[in-house]
Amino acid sequence: MKKILVLLMLIVITATTSMAREKQPKKQVRVISTKQKTLFFKVRKAFVGGLIEVFDANNNFLEGEGVPHTHNKVHFEDAPAGVYTVIISKGNKSIELSYENM
0 MKKILVLLML
10 IVITATTSMA
20 REKQPKKQVR
30 VISTKQKTLF
40 FKVRKAFVGG
50 LIEVFDANNN
60 FLEGEGVPHT
70 HNKVHFEDAP
80 AGVYTVIISK
90 GNKSIELSYE
100 NM
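Quick note on numbering: numbering that gives the first Met the number 0 labels position 73 of the sequence shown as 72, and the sequence is numbered without any gaps.
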């Protein structure tokens, strides 16, 4: 009976310690979708109130707008085909995304 109790306690201890693992850090930005020439992405709350800037392949500034929400989108409907860089920044933090418009 004592062996069964010890075995049961070991199983309980093993199960509880395996669930108590450290959480993975969240990404600063997550691309949700890139459909119909639109880039949909989600940023962390720390970037709300920041700035979204779009540059072409030659690093020419195309447009800039604020980050009003955590879920945002950038339209590339009128832009010619090519690779674009989207920079999301607030304070001293910045994130760079690459988008290929076809």
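Every residue gets a Cβ at the ideal spot worked out from N, C-alpha and C, and that includes glycine.
query                                                                                                                                                             : result
Should V42 go down as buried or exposed, given a rule of 16 or more other Cβ atoms within 10 Å for buried?                                                        : buried
Express the C-alpha separation of V5 and I94 in angstroms, rounding to a whole number.                                                                            : 52 Å
Rounding to the nearest angstrom, what Cα-Cα distance links E62 and E52 in this structure?                                                                        : 6 Å
Going by DSSP in three states, V5 sits in which element: helix, strand or coil?                                                                                   : helix
Spatial neighbours of A80 within its chain, please: CB distance less than 7 Å, with the 5 preceding and 5 following residues excluded, ordered by chain position. : N100, M101
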